[in-house]
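Please read the structure below before turning to the comments.
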Amino acid sequence: MGFALSPRAAVVMAVIMNMAGAMSGTAVAATVGVGIVDPSAITLHAITAAMPSIIASGAFAAWAGLPIGKSHALLAGLAGAAFAGGGWEALECQCWSKVILGLRLSLLLGGLVSFLIGVMIIRFTRNDPALTTRHAPPKRATGCRLSTSSPSQGSALLAA
């Protein structure tokens, strides 16, 4: 049995863990839905222009090998649409400081948690050749698979 997940299993696990994180709290939805932009400034034309830019930025990041954060792109697209429709007055500055802080903390804490989990896995498996080979026993591989899913859920929880 291989050590890595199949692409299909990886996508399914990522979806499940991101949904678990998203359902752990609604603070992000409340902030985005209420106070970061003036809804009257966002027109259909502005949204129509924002969506292709969000898609293009994601495609460029994937092509360049950069990490892709669609939540960041959606917030930037929303801000751009509001700015295009109403200028600086359409952006609610007091809420943006909270949004930017949350984005930075989620990146920082998600990276830190992932690093710490990686260090723990390396330390626990360092002296056992059966665990460090490409084809680990199924029960060990399951533990590794579960440990790699925690950053996904943790980042989504931190964002919420």
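For the sequence shown, my numbering begins at 1005 and goes up steadily by one. We put the CB at the ideal spot given by N, CA and C, even for glycine.
{"Item": "Which value, in whole angstroms, describes the spacing of the CA atoms of S1101 and A1018?", "Value": "29 angstroms"}
{"Item": "My understanding is that C1099 touches G1039, with C-beta atoms under 8 angstroms, so please give their C-beta distance in whole angstroms.", "Value": "4 angstroms"}
{"Item": "Do V1016 and A1094 have their C-beta atoms within less than 8 angstroms of each other?", "Value": "no"}
{"Item": "Report the residue from G1081, W1067 and S1075 whose alpha carbon sits nearest the alpha carbon of G1106.", "Value": "S1075"}
{"Item": "May I have the straight-line CA-CA distance separating L1082 from N1131, to the nearest angstrom?", "Value": "50 angstroms"}
{"Item": "Considering P1056, what are the terminal residues of the alpha helix (DSSP H) in which it resides?", "Value": "L1048 to A1068"}
{"Item": "With distances taken Cα to Cα, identify the nearest neighbour of L1048 among G1084, I1072 and P1071.", "Value": "G1084"}
{"Item": "Does DSSP classify L1009 as helix, strand or coil?", "Value": "coil"}
{"Item": "Assuming V1123 is part of the alpha helix (DSSP H), what are its boundary residues?", "Value": "C1097 to T1129"}
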